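In this note's numbering, the protein residues as written are 56 to 525.
C-beta: ideal position from N, C-alpha, C; glycine also.
Everything numeric in this text was worked out from a predicted model, so none of it was measured.
First the structure, in the form of structure tokens, and then the observations on it.
See the structure below:
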């Protein structure tokens with residue numbers, strides 16, 4: 056990736072074309088980690104009811120073709136997709152024919168069930184798609200360069216499974232598919248999930264109106280929050296991915312807390328809502344669920360890392376993204392070989408705040424039109440949350456500065472290390488953790504990323520507080 060701005064696509068952040076399809080990056084917690092967590096604790100008719108709620112679709116060896124070897128034999132790799140079907144109860148979110156997957160994730164659960172990693176694949180990723188045969192009225196897929204979510208439209212979950220295995224070299228064991236309405240039911244069943252908004256939100260497209268501050272969102276509000284794009288952050292889909300991942304982290308904490316696990320009524324309500332909204336392969340049996348459930352507390356006490364495949368905006372395909380190498384390949388090898396997250400470079404170490412936990416407001420203090428948007432693109436590609444883009448209150452600024460409050464001081468060194476030239480400026484009276492980057496006339500760009508820059512793969516764990524970085 057270039058450290059300058061000459062290879063940035065022609066459409067800056069606020070000018071990228073609208074994308075109506077919704078990303079769903081928040082299902083793993085409910086399905087792979089939590090739905091499964093308490094199944095072993097249910098008995099008799101309750102157990103039968105929950106397992107009877109789940110729908111199944113066969114994925115055959117003939118459909119998948121040659122497959123990657125299973126390197127870590129006792130680890131579990133689960134493909135998680137979100138359904139954007141706009142019929143029935145989902146029709147009010149916009150009518151579209153058929154069914155789409157706007158989120159594709161891979162959940163890796165360690166052999167000891169004490170650690171988990173969730174890898175998100177941006178929906179707009181341009182990748183080499185493999186051949187898939189026609190099945191159940193779907194046309195199949197010819198090998199070609201296209202968006203990763205085309206596979207579901209062409210060949211259903213089987214084709215998506217094959218595509219992810221082909222691209223990553225990771226052997227997948229099971230799949231889980233969830234829809235819109237099920238998500239709302241899961242959030243309601245746990246009494247809502249807490250978020251923190253730095254500014255009020257009024258988003259008619261997402262059916263969402265909220266005040267600023269810390270608050271608990273119920274099902275309909277939560278769905279609007281994770282669907283919102285233009286009213287929150289920088290208005291990009293990648294920004295929405297980051298927000299959805301933080302929402303999952305908050306949901307994990309609540310579901311894994313004694314407040315849910317020790318309340319039989321609340322626990323059953325959650326599991327009932329979750330299992331009604333999922334489709335899996337037949338091999339994801341109650342025995343497999345029990346295996347995960349027996350070590351649920353260990354997983355809760357450990358860390359669940361949420362990671363987005365390293366990416367950059369495509370110059371040759373405007374409005375799309377491409378995976379960054381060798382960082383993506385390194386991430387996939389970590390998952391396939393079940394390397395521990397701690398010490399693998401994925402979290403970026405404990406000595407500095409990861410980029411994924413830092414919110415940045417970018418201001419243009421120069422006469423160069425559009426510079427703030429171009430810089431925001433580069434920062435977003437590296438994993439920062441872009442909270443706002445605009446002009447400095449006065450111009451010109453001779454030097455590039457990073458303003459931070461006491462709450463944001465810990466993240467300032469991380470951003471400083473990424474810039475070729477900048478100086479810090481503490482603002483003692485400020486309370487927000489947001490960093491304010493004002494681009495000055497001395498702007499020289501971002502430092503090149505080293506091939507072994509492990510922080511490219513940074514994520515955050517389920518202990519993350521979504522309000523801490525607001």
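Asked	Found
Alpha carbon of residue 326 to alpha carbon of residue 391, nearest angstrom	30 Å
Cβ neighbours of residue 222 in the same chain (closer than 6 Å, five flanking residues each side left out)	182
Per-residue burial, residue 393 [other beta carbons within 10 Å of its own, 16 or more giving buried]	buried
Proximal residues to residue 255 (C-beta, below 6 Å), its chain only, five neighbours per side dropped	266 and 267
Contacts around residue 161, its chain only, beta-carbon distance under 8 Å, and the 5 residues preceding and following it disregarded	132, 133, 134, 135, 173, 174, 176, 219, 223, 225, 227 and 390
Length of the line joining the Cα atoms of residue 247 and residue 186	42 Å
Segments of 3+ residues assigned as beta strand (DSSP E) that fall wholly inside the region 211-285	229-233, 248-252, 256-258, 263-265 and 268-272
Where the beta strand (DSSP E) containing residue 446 begins and where it ends	440-446
For residue 129 and residue 165, the rounded distance between their alpha carbons	8 Å
Per DSSP, cross-strand counterpart(s) of residue 481	459
Entirely enclosed alpha helix (DSSP H) segments - the region 113-137, minimum 4 residues	116-119
Cβ separation of residue 445 and residue 480, assumed to be a contact under 8 Å, to the nearest whole Å	In fact, because the Cβ distance is near 18 Å, the residues do not count as touching under 8 Å.
Collapsed DSSP secondary structure at residue 466 in the structure displayed	helix
C-beta contact flag for residue 335 and residue 238 at 8 Å	no
Check whether residue 526 and residue 474 have beta carbons under 8 Å apart	Outside the displayed range of the chain (56 to 525) lies residue 526, so it cannot be described from this structure.
Cβ separation of residue 261 and residue 279, assumed to be a contact under 8 Å, to the nearest whole Å	4 Å
Sufficient close CB pairs (3 or more, under 8 Å) joining the region 457-468 to the region 427-436	no
For residue 377, three-class secondary structure by DSSP	strand
Local conformation of residue 324 per DSSP, three classes	helix
Residue 411 classed as buried or exposed, judged by whether at least 16 other C-beta atoms fall within 10 angstroms	buried
Contact belief for residue 277 with residue 242 at Cβ below 8 Å, rounded distance in angstroms	4 Å
With 16 other Cβ atoms within 10 Å as the buried cut-off, status of residue 370	exposed
Burial state of residue 200, where buried means 16 or more other Cβ atoms lie within 10 Å	exposed
Cβ-Cβ distance between residue 138 and residue 240 below 8 Å	no
Separation of residue 338 from residue 571, as counted between CA atoms	Outside the shown range of the chain, which is 56 to 525, sits residue 571, and nothing can be said about it.
Alpha-carbon to alpha-carbon, residue 375 and residue 197	20 Å
Of the residues 216, 125 and 192, the one placed nearest residue 115, counting alpha carbons only	216
CB contact below 8 Å: residue 216 versus chain E	As a matter of chain content, chain E is missing from the structure shown, which is built from one protein chain.
beta-carbon residue 105 near the ligand FMN non-hydrogen atom, thresh 7 Å	The model on display carries no ligand, and the ligand FMN is accordingly not part of it.
The beta strand (DSSP E) enclosing residue 492, as first and last residue numbers	490-494
Presumed contact (8 Å Cβ cut-off) between residue 442 and residue 416, rounded CB distance	5 Å
DSSP state of residue 186 mapped onto helix, strand, coil	coil
Through-space distance from residue 453 to residue 378, alpha-carbon basis	35 Å
Rounded separation between residue 497 and residue 169 - CA only	48 Å
Length of the line joining the Cα atoms of residue 127 and residue 472	36 Å
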